[in-house]
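Chains as they are written, first to last, in the working numbering: chain A, 20 to 175; chain B, 34 to 195.
Glycine included, every Cβ here is placed at the ideal spot set by N, Cα and C.
Keep in mind it's a predicted model, so treat the numbers as computed, not measured.
Everything on this sheet refers to the single structure shown next.
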């Protein structure tokens with residue numbers, strides 16, 4: 020089968036899921052930022068004591084907040100997280116991640132198991148790796164001010 | 034004499050492409066990724082800012098336009114990019130930097146693609162390097178636009194649902 024069919028038949032669990040950054044409702048925005056920095060991720064998912072996702076705060080939301088009031092970092096994260104985020108299930112088809120990203124205009128999508136507990140994080144990075152698996156393993160990388168070099172995709 | 038020579042040459046001519054078989058694809062998505070240039074993903078409009086603008090001005094610009102990346106441009110040339118990730122990692126907890134010029138916190142030497150590269154190549158660069166925003170340049174290294182996560186999502190979804 021080709022990429023298009025695979026996206027409709029492969030489950031989300033087929034993607035290279037990442038361990039999400041999580042926080043409790045009582046955490047501050049500052050704590051969320053520190054955890055995102057430590058892990059090199061652009062979002063933090065707020066969960067309850069059963070690890071069920073309650074909301075998400077991502078770097079785009081942070082931009083909008085900081086543009087208005089830089090002091091907002093001391094506020095509780097629950098006051099600024101989005102509670103309307105759409106989660107996908109491990110068993111959903113990969114194309115569902117694409118739809119969630121477009122509908123939510125985000126590049127991060129939380130993944131839950133059958134019990135609704137947070138199981139991982141995916142989004143644009145996971146999707147790009149999935150799509151890239153269908154292409155040659157050597158990639159030309161060009162940077163401003165530097166000469167072109169060829170990089171090998173991980174896992175290729 | 035000349036006629037005979039021409040006839041012989043014609044009879045002996047072998048098309049150098051006679052063994053060529055065009056690449057086949059499973060579907061339109063694979064074909065689009067392989068054959069359509071980066072321009073097909075949509076690279077415009079884009080947001081740009083001077084390297085001398087302050088960090089606060091850069092954040093305000095991104096927020097006002099609801100975009101996650103500005104190309105830092107000097108005399109039509111790309112010198113860096115300033116993204117939500119730069120804001121998160123370098124500025125969010127360091128409010129004293131808000132008055133500094135954006136070139137101090139931008140990502141220098143950003144990865145780019147040419148407008149004639151295939152869209153699949155652009156996606157592969159993103160997968161390898163891990164950058165979500167990839168500027169698009171023409172052959173004179175002038176800015177054409179930028180490939181963003183939202184544009185790639187729309188491109189993939191447009192072909193996947195077709």
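### Task
Please go through the segment 41-76 of chain B and give each complete alpha helix (DSSP H) segment of 4 or more residues, from N-terminal end onward.
Those alpha helix (DSSP H) runs which fall completely within the segment 41-76 of chain B and span 4+ residues are 61-68.
### Query
What does a CB cutoff of less than 6 Å around residue 36 of chain B pick up in its chain, not counting 5 residues either side in sequence?
Unreliable positioning characterises residue 36 of chain B in this predicted model, as indicated by a pLDDT of 48, which lies under 50. The coordinate reading is nonetheless provided below. Closer than 6 Å at Cβ, skipping near neighbours: no residue.
### Query
Under 9 Å, do residue 149 of chain B and residue 128 of chain B count as touching if we go by C-beta distance?
Contact: no.
### Query
Considering only C-alpha positions, which residue in the set A:94, A:108, A:100 and A:124 is nearest to residue 187 of chain B?
Comparing alpha carbon positions, the residue from A:94, A:108, A:100 and A:124 closest to residue 187 of chain B is A:124.
### Query
Between residue 45 of chain A and residue 99 of chain A, what straight-line distance do the alpha-carbon atoms span, to the nearest angstrom?
12 Å
### Query
Quick one: Cα of residue 21 of chain A to Cα of residue 60 of chain B, how far?
7 Å
### Message
Comparing C-alpha positions only, which one of B:57, B:98 and B:114 sits nearest to residue 104 of chain B?
### Response
B:114
### Query
With a Cβ-Cβ cutoff of 9 Å, do residue 126 of chain A and residue 145 of chain B count as a contact?
A distance of 9 Å or more separates the beta carbons of residue 126 of chain A and residue 145 of chain B.
### Message
Which runs of the alpha helix (DSSP H) at least 4 residues long sit entirely within the segment 105-182 of chain B? Give them in chain order.
### Response
152-162
### Task
Taking only the alpha-carbon atoms, compute the straight-line gap between residue 180 of chain B and residue 100 of chain B and give it to the nearest angstrom.
12 Å
### Query
Do the CB positions of residue 64 of chain A and residue 52 of chain A come within less than 9 Å of each other?
no
### Message
In whole angstroms, give me the CA-to-CA distance for residue 71 of chain B and residue 65 of chain B.
### Response
Whole-angstrom Cα-Cα distance: 10 Å.
### Query
For residue 38 of chain A, which option in A:129, A:150 and A:101 has the closest C-alpha, if you only look at C-alpha atoms?
A:129
### Bounding residues of the beta strand (DSSP E) (the contiguous stretch that carries residue 63 of chain A)
62-66
### Query
Do you know how far the Cα of residue 97 of chain A is from the Cα of residue 25 of chain A?
37 Å
### Task
Helix, strand or coil for residue 161 of chain A, going by three-state DSSP, please let me know.
strand
### Task
Say yes only if the C-beta of residue 69 of chain B is nearer than 8 Å to one or more non-hydrogen atoms of the ligand SAH, and no if none qualify.
The ligand SAH is absent from the structure shown, which contains no ligand whatsoever.
### Query
Applying a beta-carbon distance threshold of less than 8 Å, which residues of chain A neighbour residue 109 of chain B?
Within 8 Å Cβ-Cβ: nothing; residue 109 of chain B doesn't reach chain A, min ~13 Å.
### Query
Is residue 86 of chain A near residue 95 of chain B, with beta carbons less than 9 Å apart?
yes
### Task
Kindly identify the DSSP beta-bridge partner or partners of residue 84 of chain B.
According to DSSP, residue 84 of chain B bridges with nothing at all.
### Task
Look at residue 178 of chain B and residue 169 of chain B and say whether their C-beta atoms are less than 9 Å apart.
yes
### Message
So with CB distances below 7 Å, who are the chain A contacts of residue 182 of chain B?
### Response
Within chain A, the residues near residue 182 of chain B are 126 and 143.
### Task
Show which residues of chain A have a CB atom less than 8 Å away from the CB atom of residue 122 of chain B.
56
### Query
Looking at the structure shown, is residue 96 of chain B part of a helix, part of a strand, or coil, going by DSSP?
helix
### Message
Is there a C-beta anywhere in chain E that falls below 9 Å from the one on residue 51 of chain B?
### Response
Checking the listed chains, one finds no chain E in this structure; the protein chains it contains are A and B.
#### Entry: residue 145 of chain B: contacting residues in chain A (beta-carbon distance under 9 Å)
Result: 161, 162 and 163.
### Query
Does DSSP put residue 77 of chain A in a helix, in a strand, or in coil?
strand
#### Entry: Terminal residues of the alpha helix (DSSP H) in which residue 129 of chain A lies
Looking at the DSSP string, residue 129 of chain A is not in any alpha helix (DSSP H); the run it does join, the beta strand (DSSP E), is 127-131.
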